[in-house]
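Undergrad:
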Amino acid sequence: MFFLLPGMILTLKETGLPKCVLSGPPQLEKYLEAIKIFSGPLKGIDLAVRPHSAPEYKDETMTVFQIPIYSELKRAERQPSQSPERLSPGQSSDSGSAENEQHLPDGIGQKKSGRDPTLVVAFVCKLHVKKGNFLVLKAKELGLPVGTAAIAPIIAAVKDGKSITYEGREILPEEICTPPDPGLAFIVVECPDEEFIQPVCENATLRRYQGDADAPVALVVHMAPEHVLADPRYQQWMERFGPATQHLVLNESCSSVHNLRSHKIQTQLGLIHSDIFPPLATPHRQEEHTTFRVPTVRGECLLKYQLRPRREWQRDAVIVCNPDEFIAEALELPNFQESVQEYRKAMQDGPAPAEKRSQYPEIIFLGTGSAIPMKIRNVSATLVNISPDRSLLLDCGEGTFGQLCRHYGDEVDRVLGTLAAVFVSHLHADHHTGLLNILLQRERALASLGKPCHPLLVVAPTQLKAWLQQYHNHCQQLLHHVSLIPAKCLQKGAEVSSPAVERLIASLLGACDLEEFQTCLVRHCKHAFGCALVHTSGWKVVYSGDTMPCEALVQIGKNATLLIHEATLEDGLEEEAVEKTHSTTSQAIGVGVRMNAGFTMLNHFSQRYAKVPLFSPDFNEKVGIAFDHMKVCFADFPTVPRLSAPLKALFAGDIEEMEERREKREVRQARAALLSGEQARGPDDRTPPQKRALVEQPRSPQSKKVRAQ
0 MFFLLPGMIL
10 TLKETGLPKC
20 VLSGPPQLEK
30 YLEAIKIFSG
40 PLKGIDLAVR
50 PHSAPEYKDE
60 TMTVFQIPIY
70 SELKRAERQP
80 SQSPERLSPG
90 QSSDSGSAEN
100 EQHLPDGIGQ
110 KKSGRDPTLV
120 VAFVCKLHVK
130 KGNFLVLKAK
140 ELGLPVGTAA
150 IAPIIAAVKD
160 GKSITYEGRE
170 ILPEEICTPP
180 DPGLAFIVVE
190 CPDEEFIQPV
200 CENATLRRYQ
210 GDADAPVALV
220 VHMAPEHVLA
230 DPRYQQWMER
240 FGPATQHLVL
250 NESCSSVHNL
260 RSHKIQTQLG
270 LIHSDIFPPL
280 ATPHRQEEHT
290 TFRVPTVRGE
300 CLLKYQLRPR
310 REWQRDAVIV
320 CNPDEFIAEA
330 LELPNFQESV
340 QEYRKAMQDG
350 PAPAEKRSQY
360 PEIIFLGTGS
370 AIPMKIRNVS
380 ATLVNISPDR
390 SLLLDCGEGT
400 FGQLCRHYGD
410 EVDRVLGTLA
420 AVFVSHLHAD
430 HHTGLLNILL
440 QRERALASLG
450 KPCHPLLVVA
460 PTQLKAWLQQ
470 YHNHCQQLLH
480 HVSLIPAKCL
490 QKGAEVSSPA
500 VERLIASLLG
510 ACDLEEFQTC
520 LVRHCKHAFG
530 CALVHTSGWK
540 VVYSGDTMPC
550 EALVQIGKNA
560 TLLIHEATLE
570 DGLEEEAVEK
580 THSTTSQAIG
590 VGVRMNAGFT
600 MLNHFSQRYA
610 KVPLFSPDFN
620 EKVGIAFDHM
630 KVCFADFPTV
640 PRLSAPLKAL
650 FAGDIEEMEE
660 RREKREVRQA
670 RAALLSGEQA
680 RGPDDRTPPQ
690 KRALVEQPRS
700 PQSKKVRAQ
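Residues 0 to 708 in numbering that gives the first Met the number 0 are what the sequence shown spells out, letter by letter.
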């Protein structure tokens, strides 16, 4: 699960956490070094790595012991019979390995010193003994000097379990103090496959916590697939902990709603247009084939187990999704129902479509926010379903696989099986840190579908290779999952670096049924690309990635059927957009106009516009706003702009707040400009008081409308 760490670390860094201690297997330290390939120096947070061989970790709450557990298989036996690094040149067009080894930074080679697939680490966490509580009323009854300085040493003594003598009388600690809370333990163990079952069951350290243990085990967390849990050896090992120990299972059979806000907003958007905003898949627990003879609970999001003061499961925070409540709340919003009815009537009264609706290509916006994942907008990822059996991803930010699961539910494996390519625009974390999980989940999905696992074609900046190579070397083999095509090789007039890459480009066009896949450098960070896809049937989709308005993108996107362009910031924040090398809403729309795009979808919004961005005066019948899990095809282009009125009604409260913030910002800017002008003119040439008053007084805000929470 190393691939989940970058997002967590970057989020902790943004929150200002000064230090974080990471414990785990030997490859952990190398993995953190690899993260710096795209994150740069992790300044502001001290990451301390404790290898599995380090002494126990102790804080004010507990002591944590790391227990290395080795598989029955020797390391050599677990390596593939033919490592991707050793494939012959004639095989490189299939595996992509020959190309993957080019352009690596100095010092990154094929050494795999950190990776050990035969090792997992279990954790035993032992709570410190909690001293009993001093019983003030009982102490008063016994005549002890409660409320005076003399009581302090008495309290300290009885809490330590010692008897005291007061005025010639011996007082036992249990007379004036509750019993101490024993140092309970809980254990977290991973058993990824059958080869680890016997080593787990025979581990001497874990055995000490079974039966009559000094520290009673309150809970054992099992991270193990269902077939491991069903093994009689593993079940017998679970039973040896005794009937008082609870067991928590975390595996593929666990299913629950993780993000209530996402389900809520999608349900409410579906009231406007249920095809463009389809309902999210409702998680349901898979059929549980394994039965247990010990108290066992399947994991749910926000399920808690309390160790003190009373051991118990707590479900009060477990997310419950009630679509009826979401619908009722939306229908109570002022003008919402009326605006939806007006929109539907306008669509019915409009002209009939000129041609039969075609479902493909189908665009699924999986992540439409920038920088960090939030409850409503995840980071960049757009799925293009070219046909029923061919698809590609435009960027692949953190959590992309989770978004696919929420969108497709039980169909997610089928969708992963259609995935032919991924385009990574640049190496900022919000655009590519979901790739590792997609690679691994795609391999699993193809196996479950009974299909052969062929490498996924990845078009990306060359620098991505270093990240993939480091992960492969020190964490988990995955180069055989990838055929990497340098994005620079798809620029107009570019020289292809090798015959192997030429073959990969031909494979890319064939796999995606494309006439052309062209890239260009855009105005963002170094090695940032946009792309244009031309289908054999003639349609053209252009994706900007992150960029300021870019003439090169305009040129490769001329006469596009669809432009997907970032609109990170609202109008009026042009200076901030330049500082951050992003586009404002009107700038993005302007690119579509210059490109002569048939339609422009705006995405990659700053998370300050969590629900909806501010609408620009430049919005027209060729512009739409993207939402997570929004599904559009070309036939929806006339519909999407007409959604603006219902959207404004649904998010009226949020829009009003944003407009108030904009007004205050404009007042501050005008005030600063006025002050700057006065300083430049000198004391004898001041602005008239009446004009100054107009600048200094913002418009009175209107009364707040009812807001959807």
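C-beta: ideal position from N, C-alpha, C; glycine also.
Please read all numbers here as calculations on a predicted model, not as lab measurements.
1) Could you say if the region 184-196 and the region 121-131 meet the contact criterion of at least three C-beta pairs nearer than 8 Å?
2) Once DSSP output is grouped into helix, strand and coil, what is the label at His769?
3) Please list the terminal residues of the continuous beta strand (DSSP E) segment that includes Asp45.
4) On a Cα-Cα basis, can you pick out the residue from Gly396, Leu27, Asn602 that is closest to Ile588?
5) Measure the beta-carbon distance from Ile735 to Val119 and round it to whole angstroms, keeping in mind my assumption that it falls under 8 Å.
6) Considering Asp115, what are the terminal residues of the alpha helix (DSSP H) in which it resides?
7) Based on the DSSP output, what are the partners of Trp312 in its beta bridges?
8) Run through DSSP, which three-state label would Gly589 get?
9) For Gly366, which beta-bridge partners are listed by DSSP?
10) Looking only at its own chain, which residues have a Cβ that is under 6 Å from the Cβ of Pro178, when we skip the five neighbours before and after it?
11) Would you mind working out which of Phe133, Lys129, Asp230, His221 sits nearest Asp180, comparing C-alpha positions?
12) Just mark Asp348 as buried or exposed, buried being the case when its beta carbon has 16 or more other beta carbons within 10 Å.
13) Does DSSP put His526 in a helix, a strand or coil?
14) For Thr266, which residues in the same chain have their Cβ closer than 7 Å to its Cβ, ignoring the five residues on either side in sequence?
15) Quick one: what does DSSP say His127 is sitting in, helix, strand or coil?
16) For the alpha helix (DSSP H) that contains Ser675, what are its first and last residues?
17) Taking Cβ positions, are Ala486 and Phe528 nearer each other than 8 Å?
18) In the DSSP assignment, what residue or residues form a beta bridge with Arg168?
19) Taking the CB atoms as reference points, tell me whether Gln490 and Cys519 lie closer together than 8 Å.
20) Pull up the CB-CB distance for Arg441 and Leu415, whole angstroms please, since I reckon it's below 8 Å.
21) What are the start and end residues of the beta strand (DSSP E) that includes Val319?
22) Does the distance from the CB of Arg310 to the CB of Ala609 come in under 8 Å?
23) Which residues does DSSP list as the beta-bridge partners of Phe516?
24) What first and last residue would you give for the alpha helix (DSSP H) that runs through Ile264?
25) If the criterion is Cβ atoms closer than 8 Å, does the pair Pro360 and Val592 meet it?
26) Excluding five sequence neighbours on each side, which residues of the same chain lie with their C-beta closer than 7 Å to the C-beta of Leu72?
27) Quick check on the burial criterion: 16 or more other C-beta atoms within 10 angstroms. Buried or exposed for Leu9?
28) By the three-class DSSP mapping on this structure, what secondary structure does Asn602 have?
29) Between the alpha carbons of Ser536 and Cys488, how many angstroms are there, rounded?
30) What did DSSP end up calling Thr560 once you bin it into helix, strand or coil?
31) Is it the case that the CB of Cys524 approaches a heavy atom of the ligand FAD more closely than 7 Å?
32) Which two residues bound the contiguous alpha helix (DSSP H) that contains Gln235?
33) Under the three-state reduction of DSSP, which class applies to Ala75: helix, strand or coil?
34) Threshold first: 4 residues or longer. Then list the alpha helix (DSSP H) segments lying entirely within the region 427-498, N to C.
35) What residue range is occupied by the uninterrupted alpha helix (DSSP H) comprising Met373?
36) I need the straight-line Cα distance from Gln708 to Gly449, nearest angstrom please.
TA: For this structure:
1) yes
2) The shown model of the chain, from 0 to 708, leaves out residue 769, and the question about it has no answer.
3) 45-50
4) Asn602
5) Limits of the chain in this structure are 0 at one end and 708 at the other, which puts residue 735 out of reach.
6) Premise fails: Asp115 is in no alpha helix (DSSP H) and is neither H nor E.
7) Tyr304
8) helix
9) Ala380
10) Gly131
11) Lys129
12) exposed
13) coil
14) Pro278, Pro322, Phe325, Ile326
15) coil
16) 651-680
17) yes
18) Tyr165
19) yes
20) 5 Å
21) Val319 -> no beta strand (DSSP E), and no H or E assigned at all.
22) no
23) Leu532
24) 259-269
25) no
26) Thr117, Glu194
27) buried
28) strand
29) 24 Å
30) coil
31) Absence of the ligand FAD is noted for the structure shown, with no ligands found whatsoever.
32) 231-238
33) With a pLDDT of only 41 at Ala75, under 50, the local geometry of the prediction cannot be trusted, and the value read off the model is given with reservation. Note: Ala75 maps to helix in three-state DSSP.
34) 428-431, 434-447, 463-473
35) From DSSP, Met373 is part of no alpha helix (DSSP H); its letter is neither H nor E.
36) Here Gln708 scores only 32 on pLDDT, less than 50, and its place in the model should not be relied on; the value that follows carries that caveat. In a straight line, the C-alpha of Gln708 is about 44 Å away from that of Gly449.
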